[in-house]
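Asks:
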Amino acid sequence: MDKSGDVSRIKVGTIITATGADEYEPVGLYSYGSDPRIMTQKQLETALKEGKLKDIKEAVMIQCVGSRGQDLQYCSRVCCSTAIKNALAIKEVFPEAKVEILHNDIEVYGQRYEDNYRRAREAGVRFKKYDPEKRPEVSTEDGDLKVNFHNQLMNRDMEYHPDLVILSTPLVMNEGGQQVAKMLRTPLGQDKFMFEAHVKLRPVDFATDGLYMCGTCHGPADITESVAQANAAASHAVNPMTQEIVLTEAITASVDEEACIGCGFCADICPYAAPKLVTREDGKFVSRINEALCKGCGTCAAGCPSYAITTRHYQNNQAMAMIHDAFPIPSESGPDFEPQIIAFTCNWCSYAGADLAGVSRFQYPPNIRIIRFMCSGRIDPMFVFEALRSNADAVLVSGCHIGDCHYIDANYRTKERFESLKEVMAELGIEPERLRLAWISASEGGIFAETIRTMVDEVKSVGPFDKSRLVYKASER
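Note that the UniProt record's numbering numbers the sequence shown so that position 253 is 253, with each residue one more than the last.
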């Protein structure tokens, strides 16, 4: 949309989001809004630039306003350095002015900001620490500002009557950034800023190919850091732009349009926005997969209520064949009962953890048969019931730790399905020991071995599984 309001469509191959951030407005905190002399750091900078401040004898800055547990949980990172910079600016305009910075902790990073901190102390700026449980109080008395403050280091109550009170507030995601994130279906972190694919390996990439970010839409940052991120994002974006073709994963989802009921659930749960609902020429509403975006996790296939989606190389009939061949004969009851357990593992973490257990020679019972999927999100509840019908006494579902999923948040879907599955099994009278969910990383071979040992002991205590309790029958697909 241009300035005149006209909307035009532009077809692009890469997108860099640089939507910035806004200063948090501390409404309801420290009497903000009740007196023009109580302002934020941004408002102070504007007033200094326009020369609106006259005859300032004393100024009090209060740090961490609205952040670090007050309204928001995170530290905004740049508030301390901004306060120090502006304190020096006040001293330059009003050399005789007293500047007090009341802080929870002063946290600056980088040599330049450390130098500013030293310069501020040499210029007479005073830093005083308050107790987060006893935050400063700001009020007006007979037309004068009053700040009551408990000095934590001196354990003494203090009172100021400044000409200005400046509130250091955090940066927050702006409304435009939220709209862009919703449009591009990019994930947001707990702080509501845009979330990168990997904090170390892909710090300016989204999990979806062709999307990049830089600046404060990613989180609070100064100009230098934002410029560095912009350079990184531009250099990453060059790679796909110089290629004439896009290489996709061989393992991708596919939709049987005749079976599809057009519910859109696949589009809701896909971490990469690969499925899209379209209207066919015959008027039927169906889902179609953008294979350039699909990463093959299979979460959509496991969640499809009409079983219209499967994944290449990990199709349902392939999974069923492995389940049926895992244990050709039932386990024997009696004192020599040895449980038969099928473990569904994810390619990136729990399967690698099982591999590490073997390489490291960790000992665990040979009662388990491992079936690998690309992601635990591909594990359909149908597979669990079919395993119990096919001579298994118990089932282990395992994947990456929550927050570390190779496919962003696909294992959250695993957790949701597992909790629902436990309820269904309880309704059928199936013991809870027969189904276990375990998060195991690639480096946790010892934990994998211990999980198997524990599970074998628990299943021994409940005995062989009675298949007559299952009324489920696998779909012939």
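Cβ coordinates follow ideal geometry from the N, Cα and C atoms, glycine included.
Nearest-angstrom Cα distance between Q152 and D71?
Replies: On the sequence shown, residue 152 is found 152 positions in, with the first residue counted as 1. On the sequence shown, residue 71 is found 71 positions in, with the first residue counted as 1. Each residue's Cα considered, the two are about 22 Å apart.
Asks: Relative to the C-alpha of G463, which candidate in E338, I368, C375 has its C-alpha closest?
Replies: Against the sequence shown, residue 463 aligns to sequence position 463. Of the listed residues, the one whose Cα sits closest to G463 is E338.
Asks: Please state the DSSP three-state secondary structure of residue 478.
Replies: Outside the modelled stretch of the chain, which goes from 1 to 477, sits residue 478, for which no answer is possible.
Asks: By how many angstroms is the C-alpha of C270 removed from the C-alpha of A83?
Replies: Numbered from 1 along the sequence shown, position 83 holds the residue referred to as residue 83. Numbered from 1 along the sequence shown, position 270 holds the residue referred to as residue 270. Looking at the two C-alpha atoms, the distance is approximately 43 Å.
Asks: Measuring straight from C-alpha to C-alpha, what distance separates D209 and F195?
Replies: Here residue 209 corresponds to residue number 209 of the sequence shown, with the count starting at 1. Here residue 195 corresponds to residue number 195 of the sequence shown, with the count starting at 1. Their backbone Cα atoms lie some 14 Å apart in a straight line.
Asks: Suppose the cutoff is 8 Å on Cβ atoms and the five residues either side in sequence are ignored; what does the same chain contact list for R126 look like?
Replies: Stepping through the sequence shown from its first residue, residue 126 is reached at position 126. Contacts found: K98, V99, E100, I101.
Asks: Which runs of the alpha helix (DSSP H) at least 4 residues long sit entirely within the stretch 331-379? Give them in chain order.
Replies: Whole alpha helix (DSSP H) segments, 4+ residues: 350-359.
Asks: What did DSSP end up calling A253 once you bin it into helix, strand or coil?
Replies: Residue numbering aside, residue 253 sits at position 253 when the sequence shown is read from its first letter. Looking at A253 - three-state DSSP - the assignment turns out to be strand.
Asks: Along the beta strand (DSSP E) that carries P36, what are the first and last residues, could you check?
Replies: As a working mapping, residue 36 is identified with position 36 in the sequence shown. No beta strand (DSSP E) contains P36, which DSSP labels as neither H nor E.
Asks: What does DSSP give as the partner residue(s) for C405 in the beta ladder?
Replies: On the sequence shown, residue 405 is found 405 positions in, with the first residue counted as 1. The partner list for C405 (beta bridge, DSSP) reads I408.
Asks: Looking only at its chain, what residues have a beta carbon closer than 6 Å to the beta carbon of V60, apart from the 5 residues adjacent to it on each side?
Replies: Within the sequence shown, the letter at position 60 stands for residue 60. E100, V147, Y160, P162, V165, listed in sequence order.
Asks: Return the CA-CA distance between K467 and I329, expressed in angstroms with no decimal places.
Replies: Locating residue 467 in the sequence shown gives position 467, counting from the first residue. Locating residue 329 in the sequence shown gives position 329, counting from the first residue. Going from the Cα of K467 to the Cα of I329 covers about 13 Å.
Asks: Looking only at its chain, what residues have a beta carbon closer than 8 Å to the beta carbon of F418, apart from the 5 residues adjacent to it on each side?
Replies: As a first step, residue 418 is located in the sequence shown; it is residue number 418 there, counting from the start. Counting only Cβ-Cβ distances below 8 Å, and skipping sequence neighbours, we find V397, L435, L437.
Asks: Quick check on R477: does DSSP put it in helix, strand or coil?
Replies: Residue numbering aside, residue 477 sits at position 477 when the sequence shown is read from its first letter. Because R477 sits at a pLDDT of 44, beneath the cut-off of 50, its placement in the model cannot be relied upon, and the following sentence gives the value as read from the coordinates. Coil at R477, not helix or strand.
Asks: Could you check the C-alpha separation between N347 and R378 for me, to the nearest Å?
Replies: For the purposes of this step, residue 347 is taken as residue 347 along the sequence shown, with counting starting at 1. For the purposes of this step, residue 378 is taken as residue 378 along the sequence shown, with counting starting at 1. Cα to Cα, N347 sits roughly 11 Å from R378.
Asks: Rounding to the nearest angstrom, what Cα-Cα distance links E258 and A308 in this structure?
Replies: Here residue 258 refers to the residue found at position 258 when the sequence shown is read from its first residue. Here residue 308 refers to the residue found at position 308 when the sequence shown is read from its first residue. For E258 and A308, the distance between alpha carbons rounds to 8 Å.
Asks: Check whether the Cβ atoms of residue 499 and C64 sit closer than 8 Å, and answer yes or no.
Replies: The structure shown does not extend to residue 499, since the chain is modelled only from 1 through 477, so no value can be given for it.
Asks: Identify the continuous alpha helix (DSSP H) that holds R436 and give its terminal residues.
Replies: Within the sequence shown, numbered from 1, the residue matching residue 436 stands at position 436. Taken as a continuous stretch (DSSP letters only), R436 belongs to no alpha helix (DSSP H), being part of the beta strand (DSSP E) at 435-439.
Asks: Which value, in whole angstroms, describes the spacing of the CA atoms of A474 and E386?
Replies: Residue numbering aside, residue 474 sits at position 474 when the sequence shown is read from its first letter. Residue numbering aside, residue 386 sits at position 386 when the sequence shown is read from its first letter. Its pLDDT being 49, under 50, A474 is placed unreliably by the model, and nothing is read from it.
Asks: Can you tell me the Cα-Cα spacing of I368 and T248, whole angstroms?
Replies: Walking along the sequence shown from the start, residue 368 turns up at place 368. Walking along the sequence shown from the start, residue 248 turns up at place 248. Between I368 and T248, the C-alpha separation is close to 34 Å.
Asks: The beta strand (DSSP E) with N151 in it runs from where to where?
Replies: Taking the sequence shown and counting its residues from 1, the one referred to as residue 151 is at position 151. Residues 144-151.
Asks: Check whether the stretch 4-24 touches the stretch 119-133, taking contact to mean three or more Cβ pairs, one atom from each stretch, closer than 8 Å.
Replies: As far as the Cβ criterion goes, the stretch 4-24 does not touch the stretch 119-133, which means the pair count is below three.
Asks: Check for me: the alpha helix (DSSP H) holding Y113 runs from which residue to which?
Replies: Here residue 113 refers to the residue found at position 113 when the sequence shown is read from its first residue. 111-122 is the span of the alpha helix (DSSP H), which, as asked, contains Y113.
Asks: Could you check if K218 is buried or exposed, using at least 16 other CB atoms within 10 Å of its CB as the buried criterion?
Replies: Position 218 of the sequence shown holds residue 218. Checking the displayed sequence, the identity of residue 218 turns out to be His instead of Lys. Per the 10 Å Cβ criterion, buried.
Asks: My output table needs one value for L102: the three-state DSSP class, helix, strand or coil.
Replies: As a working note, residue 102 is residue 102 in the sequence shown. In this structure, L102 counts as strand in the three-state DSSP scheme.
Asks: What residue range is occupied by the uninterrupted alpha helix (DSSP H) comprising P240?
Replies: Numbered from its first residue, the sequence shown carries residue 240 at position 240. Residues 223-241.
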